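Trainee: Take a look at the following structure, please.
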Amino acid sequence: RTRSPRREATMGKRGASTAVAGSPAKKEKKPIDGFLAIFDQLVQDVLAELDEDIPAEAKAYVKKMCDYTCLGGKMTRGLTVGQTVEAMVKHKGGSMTDKLAMQGQVVGWGIEWLQACFLVLDDIMDDSITRRGQPCWYKNKEVGKMAINDGLILESCIYILLKKHCGDHKEYAALVDIFHQVATQTEMGQLLDMTTEDPEGKLDFTRFTMKRYKSIVKFKTAFYSFYLPVASGLILAGVNDPKAFKETRDITLAMGEYFQIQDDVLDCYADPETLGKIGTDIQDKKCSWLCVKALEKATPAQMKVLNANYGQWDDKKVANIKKLYLEMKLKEDFDKYEEESYKSIQGMIAKTKYVPKGVFEDFLAKIYKRQK
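Residue numbers (my numbering): 756 to 1127.
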């Protein structure tokens, strides 16, 4: 595209913009702006693919659901796909095309749709109250239990979008396959999480081990939140070397563990206004990092407090658990873990051979010492 004479006249050395006297400074466009800009069109793409016999009111419901559940997050997962594609293409000596950039955004949105599916269903299972600063989708009176089916619809949207926008990509089958694979891994992680209680739903602290906790984290969070964004970007960029995917898996799963442990701490300590949700891990009898660490350190007297108060929807008992965590200095344990984990992941990144280090460095920078 050729620049207009006016635009050309305002360009300084090396293309840097020099403001015209009296004109307001132009706001720099951020990557998230372009990402968000295509969302409405993608929703329309989904609606256009629905059978013509589906009533308009049902299509309007699907649109409302997508708007409500897919927007409002940080979009870190979705943005990482396009950033990975671009970094990998440049690493290989190629150049980005508009079509490949668009496909990176679409696949990124596919992960955001997958995230929406998981959150809608997870909130139901956990009896959660708010999500991203608003009532959970199922909490809307016109939704209720329909949210279970809505979660399935949200997942179906992914494959409509992949087929429409990536159907002619030579690695289309691999893209679809990795979404199916990671969805299954995440669902198994949810199963591990939900079955930490004994079969009758009673609290059983013998199941709260660090080994089980790390398995839950790996499958429920790390694969879809960290591995999938980078791995799908590699696929789009034409990477098929198993070593690149092994390197990516090792680093992203380590990031995912760190991220979820952060999440457990934020669930307990963060201000709900900042976090965007009300933490309920204590009430939900979650096998959280804090609880596992408490069990590892507890004296007989502290075990009595845990047994008497953990996993109950009682504000006073929740407060007792939080007070116990403070007495046991679990926040200080986390601070130590965070620094050790950060240095360990940095060490892994420094040894990368097949994927540009910047892909992982940027991802890590987005989550290090996050507050929400």
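Every residue gets a Cβ at the ideal spot worked out from N, C-alpha and C, and that includes glycine.
Predicted model, so just to flag it, every value in this text is computed and none were measured.
Rounded to the nearest angstrom, what separates Leu907 and Asp881 at their Cα positions?
Mentor: Rounded to whole angstroms, Leu907 to Asp881 spans 18 Å at the Cα level.
Trainee: Can you grab the Cα-Cα spacing for the pair Cys1023 / Asp806, in whole Å?
Mentor: Approximately 45 Å, taken between the alpha carbons.
Trainee: Using only alpha-carbon positions, find the residue among Asp996, Leu1008, Lys1072 and Ile866 that is nearest to Ile1104.
Mentor: Checking every option, the nearest Cα to that of Ile1104 belongs to Leu1008.
Trainee: Hey, Lys1127 and Ala1025 are a contact pair by Cβ (cut 8 Å); roughly how many whole angstroms apart?
Mentor: Going by Cβ atoms, the distance from Lys1127 to Ala1025 rounds to 7 Å, so yes, they are a contact pair.
Trainee: Measuring CA to CA, which of Tyr1080, Leu1119, Leu1085 and Asp1088 is closest to Lys1098?
Mentor: For Lys1098, the nearest C-alpha among the options comes from Leu1119.
Trainee: Short of 6 Å in beta carbon distance, which residues of its chain neighbour Glu812, apart from the five on each side in sequence? Order them along the chain.
Mentor: Nothing listed; no residue qualifies.
Trainee: Measure the CB-CB distance between Phe981 and Met1010 and report whether it falls below 8 Å.
Mentor: Yes, these two residues count as a Cβ contact at 8 Å.
Trainee: In this structure, does DSSP put Thr885 in helix, strand or coil?
Mentor: Thr885: strand per DSSP, three-state reduction.
Trainee: Could you pull the DSSP bridge partners for Pro890 from this structure?
Mentor: Per DSSP, Thr885.
Trainee: Following the continuous alpha helix (DSSP H) through Ser714, name the residue where it begins and the one where it ends.
Mentor: Residue 714 cannot be examined here, being either before or after the span of the chain that is shown, 756 to 1127.
Trainee: Mapping the DSSP letters down to three states, classify Glu992 as helix, strand or coil.
Mentor: Note on identity: in this sequence residue 992 is Ala, with Glu being the wrong assignment. Coil at Ala992, not helix or strand.
Trainee: Of all the options Gln1015, Ala842, Gly888 and Glu1012, which has the alpha carbon lying nearest to the alpha carbon of Gly827?
Mentor: Gly827 has its Cα closest to that of Gly888, out of Gln1015, Ala842, Gly888 and Glu1012.
Trainee: Give every residue of the same chain whose Cβ lies closer than 6 Å to the Cβ of Thr885, excluding the five residues on either side of it in the sequence, and list them in chain order.
Mentor: Counting only Cβ-Cβ distances below 6 Å, and skipping sequence neighbours, we find Lys1032 and Ile1033.
Trainee: So for Arg1125, helix, strand or coil by DSSP?
Mentor: The answer is coil: DSSP assigns Arg1125 none of H, G, I, E or B.
Trainee: Just to confirm, are Ala792 and Thr824 a CB contact at a threshold of 8 Å?
Mentor: No; because the gap between Cβ atoms is not below 8 Å, this pair is not in contact.
Trainee: Thinking C-beta only, is Gly1066 closer than 8 Å to Val840?
Mentor: Their beta carbons are not under 8 Å apart, which means Val840 does not touch Gly1066 by this criterion.
Trainee: Does DSSP put Pro786 in a helix, in a strand, or in coil?
Mentor: Note: Pro786 maps to helix in three-state DSSP.
Trainee: Could you pull the start and end residues of the alpha helix (DSSP H) that Phe963 belongs to?
Mentor: Segment: none, Phe963 is in no alpha helix (DSSP H) and carries neither H nor E.
Trainee: So what's Glu857 in DSSP terms, helix, strand or just coil?
Mentor: Reading off the sequence shown, one finds Met at residue 857, where the question assumed Glu. Looking at Met857 - three-state DSSP - the assignment turns out to be helix.
Trainee: Between Glu867 and Met830, how many whole angstroms is the CB-CB distance? I'm expecting something under 8 Å.
Mentor: Right, the Cβ-Cβ distance comes to about 7 Å (below 8 Å), so this counts as a contact.
Trainee: What residues in its chain sit with their C-beta under 8 Å from that of Lys814, if we drop five residues either side in the sequence?
Mentor: Leu802 and Leu805.
Trainee: When you compare each of Val1020, Lys1048, Met851 and Ile1100 to Gly993 by their alpha carbons, which one comes out closest?
Mentor: It is Met851 whose Cα lies nearest to the Cα of Gly993.
Trainee: Measuring only the C-alpha atoms, how far is Phe790 from Leu947?
Mentor: Taking the straight line joining both Cα atoms gives about 34 Å.
Trainee: Buried or exposed for Leu930, please, with buried defined as at least 16 other CB atoms from any protein chain shown within 10 angstroms of its CB.
Mentor: Answer is buried; the Cβ neighbour count reaches 16.
Trainee: Whole angstroms are fine: how far does the CA of Gln860 sit from the CA of His920?
Mentor: Cα-Cα distance, rounded: 10 Å.
Trainee: So which of Gln945, Lys1108, Leu1081 and Gly848 has the shortest CA-CA distance to Asp878?
Mentor: Selected option, being the one with the closest Cα: Gln945.
Trainee: Measure how close the beta-carbons of His924 and Leu983 come, nearest whole angstrom, since I'm counting them as under 8 Å.
Mentor: Rounded, the Cβ-Cβ distance is 17 Å, inconsistent with contact.
Trainee: Would a C-beta distance cut-off of 8 Å place Asn1075 and Asn1062 closer than the cut-off?
Mentor: In this structure, Asn1062 does not lie closer than 8 Å to Asn1075 by Cβ.
Trainee: Who are the Cβ neighbours of Val937 in its own chain at under 6 Å, not counting the five residues just before and after it?
Mentor: Once the five neighbours on either side are set aside, the close Cβ partners of Val937 are Phe978, Tyr979 and Leu983.
Trainee: In terms of residue numbering, what span does the alpha helix (DSSP H) encompassing Glu1051 cover?
Mentor: Element bounds for Glu1051: Trp1044 to Lys1052.
Trainee: Quick check on Ile913: does DSSP put it in helix, strand or coil?
Mentor: Three-state DSSP puts Ile913 in a helix.
Trainee: Considering just the uninterrupted stretch of the alpha helix (DSSP H) at Leu1030, what are its terminal residues?
Mentor: Counting along the chain, the alpha helix (DSSP H) containing Leu1030 begins and ends at Pro1027 to Leu1030.
Trainee: Who are the near neighbours of Ser883 in its chain, counting only those whose CB is closer than 8 Å to its CB and skipping five residues on each side?
Mentor: Closer than 8 Å at the Cβ level, and outside the excluded window around Ser883, lie Asp877, Cys891, Lys1032, Ile1033 and Thr1035.
Trainee: Please confirm if Lys845 has its CB atom under 8 Å from at least one CB of chain B.
Mentor: The structure shown contains no chain B; it is built from a single protein chain.
Trainee: Answer with buried or exposed for Met1058, where buried requires no fewer than 16 other C-beta atoms within 10 angstroms of its C-beta.
Mentor: Its Cβ having fewer than 16 others within 10 Å, Met1058 is exposed.
Trainee: Just verifying my parser: in three-state terms, what is the DSSP assignment at Lys975?
Mentor: Looking at Lys975 - three-state DSSP - the assignment turns out to be helix.
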